[in-house]
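Chains as they are written, first to last, in the working numbering: chain A, 1 to 434; chain B, 1001 to 1434. See structure below.
There are 2 protein chains.
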Amino acid sequence: MMKHTYIEDVGKHDGEEVTLRGWVHNKRSSGKIQFVILRDGTGYIQGVIVKNAVSPQVFADADTLTHESSIELTGKVRADSRAPSGFELDVRGLKIYQEVSKDEPFPITPKEHGIEFLMDHRHLWIRSTRQRAILKVRHEIIKAVRDFFDDDGFTLCDTPVLTPAACEGTTTLFEVKYFEDKAFLTQSGQLYNEATAEALGKVYCFGPTFRAEKSKTRRHLTEFWMVEPEVAYATVDDMMDLAERMITFVVQRCLVRRSEELKALERDLSMLEKVSVPFPRISYDEAVALLQKHGSEIQWGSDFGGGDETIISQQFDKPVMVHRYPTAVKAFYMEPDPARPEVALCVDVLAPEGYGEIVGGGQRIASYDLLAQRIKEHDLPREAFEWYLDLRKFGSVPHSGFGMGIERAVTWICGLEHVRETIPFPRMLYRLNP
Amino acid sequence: MMKHTYIEDVGKHDGEEVTLRGWVHNKRSSGKIQFVILRDGTGYIQGVIVKNAVSPQVFADADTLTHESSIELTGKVRADSRAPSGFELDVRGLKIYQEVSKDEPFPITPKEHGIEFLMDHRHLWIRSTRQRAILKVRHEIIKAVRDFFDDDGFTLCDTPVLTPAACEGTTTLFEVKYFEDKAFLTQSGQLYNEATAEALGKVYCFGPTFRAEKSKTRRHLTEFWMVEPEVAYATVDDMMDLAERMITFVVQRCLVRRSEELKALERDLSMLEKVSVPFPRISYDEAVALLQKHGSEIQWGSDFGGGDETIISQQFDKPVMVHRYPTAVKAFYMEPDPARPEVALCVDVLAPEGYGEIVGGGQRIASYDLLAQRIKEHDLPREAFEWYLDLRKFGSVPHSGFGMGIERAVTWICGLEHVRETIPFPRMLYRLNP
């Protein structure tokens, strides 16, 4: 196939003839001139088709172009300061690859559509300017996270999706028929990370995780991506340092590389510009006092709900780190604070502007005996955790890690209402299609 | 926790006192001097403990150190050209975090272990020099693949693991209970990539994929990672160009950044150094003739088995690209060659030295009518593919893509016998633990 030029590169060809290939994003006509906005995934450009400058066939073809038809435009690139991209194309040639039928036009139009309709047409909805912008920011966030860890000496160690045991209870697990056996879809790579951290020192996993959450909220997907670093010989304080550095790096990267997309999403960039090291750090005790001051009826000992997180995060214009939650409300593997065993050496990072938790983590129990006791207290099947206990038998070390949910980070950075727009094909309680 | 130095960084501290933290990799004694090889995941260094230079307690502690005990060594870095890493540590202080019991020593010893034993202890086996080297190369391959696509203008679009329909038949699918419904674990993100490519032009997905393969071979895992690029307005020839560029980039990156690990694996680097653009391209017809010449009984029309791939790939010292297989043996979505519809516009890339297929891909059917006909011919449930057909109704374009299995690429680049060592926790027919 003859090489063509991508719209993002037209600036390199000012005054030259190029061939562009894409889809009809918009079209309007003023008699002897037709204007076609072409999109090709890398950008948008207006093609100007002047009746006198093209063959009668090209002008006639242009006249009947329908929304989202696939076409090729040949013409000369012309700088135009009024154009959003800075360039226009003076069209000479038009080739239609496939014309969308007038009888069955592209189903998504500028008018309002219900969310179920849009989700049913997610394979087409992603072509919209807004959805494209979100996916570009998602891409950038993931790239930034990976670059951050790779450049910081971490080794990527992919952990399995198919697991024999439950990490945190079985009620929210998806069960898989695994030949004659059964397996569960992973909820977290953490336990495996603890093994690879003892082999490689600083590791992270980054893959899809699953939670059979029966609640329909704007913060939950059943399938979501999570990055989870784990560091041997690291404490909860080290994790706070790491998390604030990582989040700041990611936000800065998006501001530098995706400001155009963030503006298209009408994101208030000034809020993102405030994200810098250090983040405020408050204890759970302080967070409870803060909530009570704001009228919450929460009592010491309860975990925070989404509403509580919203209240806390609204008090700060940066992400806030809440540490040392009550041991009783946290997972079995959390290291208790030696100075005060009723709280755990854990930390949650809440995104500002009411977005709530995006990171959770902390220090893991290093003692074999204490871990064995916790497994018993939590009624977990000891046999399934023998390998995990081995990590405390053969060179146990203080170690810590955290997980960041990518879709929640995208929701916050893009300033969205709902997590469902942050992944190409979201999976939710009643949503497995397309 | 006090900051410590990673072994990979000791060269920056020659002559200085540092604190290192890690695990006892090896130990030997010659009376008044003890030698401890410490590993911390970033490297190995020998600590020299001289009786006169340390307290009696430190010397006594060092004397009883067991394999894989977790320790901290403090001492002065000294350049030593005889040391594998170029440096040794003159130890002054030793702290033991957790001593592995003499009654239950680290189970993996230098003696031979059976593969089932090693796989049962995979969480500990990964600490070995060889397994660490493989995981470092795996990390580098994945990083290189992502950098290649990111720098080439591709957008990462994660595709779902939980899918409602089968991409290529249902016999090798894992079924998941999805609330009241059922779902299948993805075998490929391709169909979804075709949708995102029409939105973003050049895309890739990169995640775990699943195949309920009942065969036990050295090339198959039930859970494996795959990178799949998809490009709008691209042909099968474009895919051959892209695949050879990508593979060359990845191999070069490993040679530059991981030659130490490849040497530790006793990889013949001269074979990898031959990997450069262009790769030989032969048609399926030519491949059949080649096989027959080498004594194979294959007839035109059959797909290649692993043995056939081995024979073909042994004829070349670079990856070889075999294109235009019979349409009948390929997936329903393959675009037939317009000049010769009995063959499809597809390509497999076979790694040299007998490693066989690492990439498969090609051009997808662009015509709505032909795709609808194929779905019928293959007895696929039309309803489940309505959204996929939509992509041919609303701006269909010629488009192509491919998939590369990461574990097969790691197997080849590391020069391994079996795919099971290429991922931290492999999943196979009889292997779901740990």
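Yeah, the Cβ is synthetic: ideal placement off N, Cα and C, and Gly gets one too. Since this is a predicted model, take the numbers as computed values, not measurements.
* To do: Would you kindly check if the distance between the Cβ of VAL1347/B and the Cβ of PHE1402/B is under 9 angstroms?
  => Walking along the second sequence from the start, residue 1402/B turns up at place 402. Walking along the second sequence from the start, residue 1347/B turns up at place 347. Cβ distance < 9 angstroms, so PHE1402/B and VAL1347/B count as in contact.
* Asked: So is CYS157/A in contact with chain B if we call contact Cβ pairs under 9 angstroms?
  -> Within the first sequence, numbered from 1, the residue matching residue 157/A stands at position 157. Yes, CYS157/A counts as interfacial toward chain B.
* Opposite HIS1323/B in the DSSP bridges: which residues? -> Within the second sequence, residue 1323/B is the residue found at index 323, counting from 1. Beta-bridge pairing links HIS1323/B to SER1283/B, VAL1347/B.
* Where DSSP assigns a beta bridge to ILE1096/B, which residues make up the other side? -> Locating residue 1096/B in the second sequence gives position 96, counting from the first residue. According to DSSP, which records beta bridges pairwise, ILE1096/B is partnered with ILE1071/B.
* Asked: By how many angstroms is the C-alpha of GLU68/A removed from the C-alpha of LEU173/A?
  -> Taking the first sequence and counting its residues from 1, the one referred to as residue 173/A is at position 173. Taking the first sequence and counting its residues from 1, the one referred to as residue 68/A is at position 68. Those two C-alpha atoms are separated by around 41 angstroms.
* Buried or exposed: where does ASP1390/B fall if 16 or more other Cβ atoms within 10 Å of its Cβ makes it buried? -> In the second sequence, counting from the first residue as 1, residue 1390/B sits at position 390. With 16 or more Cβ atoms within 10 Å of its Cβ, ASP1390/B is classed as buried.
* Asked: Going along chain B in order, which residues have a C-beta closer than 9 angstroms to the C-beta of LYS202/A?
  -> Stepping through the first sequence from its first residue, residue 202/A is reached at position 202. Under the 9 angstroms cutoff, chain B gives TYR1006, GLY1041, THR1042.
* Asked: For PRO336/A, which residues does DSSP report across the bridge?
  -> The sequence position of residue 336/A within the first sequence is 336, counting from 1. DSSP lists ALA344/A as partners of PRO336/A.
* Asked: Out of curiosity, what's the CA-to-CA distance linking ILE1141/B and VAL419/A?
  -> By 1-based counting over the second sequence, the position of residue 1141/B is 141. By 1-based counting over the first sequence, the position of residue 419/A is 419. In a straight line, the C-alpha of ILE1141/B is about 31 angstroms away from that of VAL419/A.
* To do: Starting from ASN193/A, follow the alpha helix (DSSP H) in both directions and report where the run begins and ends.
  => Along the first sequence, read from residue 1 onward, the residue named residue 193/A stands at position 193. First-last of the alpha helix (DSSP H) with ASN193/A: 190-200.
* Given a threshold of 16 other Cβ atoms within 10 Å of its Cβ, counted over all protein chains shown, does PHE1179/B qualify as buried or as exposed? -> As a first step, residue 1179/B must be located in the second sequence, where it is residue number 179. Answer is exposed; the Cβ neighbour count stays below 16.
* **Per DSSP, the bridge partner or partners of HIS1034/B** => Start at 1 with the first residue of the second sequence, and residue 1034/B comes out as number 34. For the sequence presented, residue 1034/B should be read as Gln rather than His. Beta-bridge pairing links GLN1034/B to SER1029/B, ILE1049/B.
* To do: Tell me, please, whether the CB atom of ILE423/A is closer than 9 angstroms to any CB atom in chain B?
  => Stepping through the first sequence from its first residue, residue 423/A is reached at position 423. Yes, ILE423/A lies at the interface with chain B (some Cβ there is under 9 angstroms from its Cβ).
* Classify TYR1388/B as helix, strand or coil using the three-state DSSP reduction. => Numbered from its first residue, the second sequence carries residue 1388/B at position 388. Reduced to three states, the DSSP call for TYR1388/B is helix.
* Determine, using beta-carbon pairs with one atom in the region 1311-1320 of chain B and one in the region 1223-1231 of chain B, whether at least three such pairs fall under 8 angstroms. => no
* Please name the residue, chosen from LEU89/A, GLY11/A, ALA409/A, that lies closest to ILE33/A on a Cα-to-Cα basis. => Stepping through the first sequence from its first residue, residue 33/A is reached at position 33. Selected option, being the one with the closest Cα: LEU89/A.
* Using a Cβ cut-off of 8 angstroms, pull out every chain B residue sitting near ASN433/A, in sequence order please. => Residue numbering aside, residue 433/A sits at position 433 when the first sequence is read from its first letter. Ordered by position in chain B, the residues that pass the 8 angstroms Cβ test against ASN433/A are PRO1164, TRP1387.
* To do: Kindly indicate if chain B contains any beta-carbon less than 9 angstroms away from that of ASP308/A.
  => One-based indexing of the first sequence puts residue 308/A at position 308. Judged by the 9 angstroms Cβ criterion, ASP308/A is not in contact with chain B.
* Asked: Going by alpha carbons, who is nearest to GLY405/A out of SER396/A, ILE365/A, MET428/A, GLU357/A?
  -> Looking up residue 405/A in the first sequence gives position 405. The shortest Cα separation from GLY405/A among SER396/A, ILE365/A, MET428/A, GLU357/A belongs to GLU357/A.
* **Own chain partners of TYR1333/B with C-beta closer than 6 angstroms, once the 5 adjacent residues on each side are dropped** => Walking along the second sequence from the start, residue 1333/B turns up at place 333. Closer than 6 angstroms at Cβ, skipping near neighbours: ARG1364, ILE1365.
* Asked: In three-state DSSP terms, what is MET177/A?
  -> To locate residue 177/A, count along the first sequence from 1; it is residue 177. Inspection of the sequence shows that residue 177/A is occupied by Lys rather than by Met. Strand, per DSSP.
* To do: Closer than 6 angstroms by C-beta to PHE436/A: which residues in its own chain qualify, once you throw out the five before and the five after it? Chain order, please.
  => Past the boundaries of the shown model lies residue 436/A; chain A is included only from 1 to 434, so the question cannot be answered.
* To do: Keeping to the same chain, check which residues put their C-beta closer than 8 angstroms to that of ILE126/A; ignore five residues upstream and five downstream.
  => Counting from 1 along the first sequence, the entry for residue 126/A is found at position 126. Here the set comprises ARG132, LEU135, PRO424.
* Check the Cβ of ILE142/A against every Cβ in chain B and list those closer than 7 angstroms, keeping chain order. => Indexing the first sequence from 1 puts residue 142/A at position 142. Here the neighbours are LEU1156.
* Any Cβ of chain B within less than 9 angstroms of the Cβ of HIS323/A? -> Locating residue 323/A in the first sequence gives position 323, counting from the first residue. Cβ-Cβ to chain B under 9 angstroms: no for HIS323/A.
* Extent of the continuous alpha helix (DSSP H) run through TRP1125/B -> Numbered from 1 along the second sequence, position 125 holds the residue referred to as residue 1125/B. Run containing TRP1125/B: 1122-1125, per the alpha helix (DSSP H) assignment.
* Hey, VAL36/A and GLN46/A: beta-carbon distance below 9 angstroms or not? -> Reading the first sequence from its first residue, position 36 is the one you call residue 36/A. Reading the first sequence from its first residue, position 46 is the one you call residue 46/A. Contact flag set, yes.
* Asked: Quick one: which chain A residues come within Cβ less than 8 angstroms of GLY1153/B?
  -> For the purposes of this step, residue 1153/B is taken as the residue at position 153 of the second sequence. Those are TYR6, GLU8, THR42, listed as they occur along chain A.
* Counted within 10 angstroms of its Cβ, other Cβ atoms place ARG82/A as buried (16 or more) or exposed -> Within the first sequence, residue 82/A is the residue found at index 82, counting from 1. Exposed.
* In its own chain, which residues sit with a C-beta less than 8 angstroms from the C-beta of HIS1004/B, not counting the 5 before and 5 after it? -> The sequence position of residue 1004/B within the second sequence is 4, counting from 1. If we look at HIS1004/B and ignore the five residues flanking it on each side, its Cβ neighbours are VAL1018, THR1019, LEU1020, ARG1021, GLU1072.
* Within the same chain, show all residues whose beta-carbon is closer than 8 angstroms to that of GLU342/A, passing over the 5 residues directly before and after it, in chain order. => Start at 1 with the first residue of the first sequence, and residue 342/A comes out as number 342. Within the same chain, GLU342/A has close Cβ partners PRO326, THR327, ALA328, PRO336.
* Asked: Who are the Cβ neighbours of PRO1345/B in its own chain at under 6 angstroms, not counting the five residues just before and after it?
  -> One-based indexing of the second sequence puts residue 1345/B at position 345. A small fix is needed here, since residue 1345/B is Leu in this sequence, not Pro. Excluding sequence neighbours, LEU1345/B sits near VAL1236, GLU1335, ASP1337, GLY1362, GLN1363.
* Could one say the Cβ of ASP1181/B lies closer than 9 angstroms to chain A's Cβ atoms, at least one of them? -> As a first step, residue 1181/B is located in the second sequence; it is residue number 181 there, counting from the start. Yes, contact with chain A.
* Nearest-angstrom Cα distance between LEU262/A and ASP150/A? -> Within the first sequence, the letter at position 262 stands for residue 262/A. Within the first sequence, the letter at position 150 stands for residue 150/A. Distance between the alpha carbons of LEU262/A and ASP150/A is about 26 angstroms.
* Count the other CB atoms within 10 Å of the CB of GLN373/A; is the residue buried (16 or more) or exposed (fewer)? -> As a working mapping, residue 373/A is identified with position 373 in the first sequence. Per the 10 Å Cβ criterion, exposed.
* Separation of GLU194/A from ARG1427/B, as counted between CA atoms -> What you label residue 1427/B is simply residue 427 of the second sequence in a count that begins at 1. What you label residue 194/A is simply residue 194 of the first sequence in a count that begins at 1. Spanning the two alpha carbons is a distance of roughly 19 angstroms.
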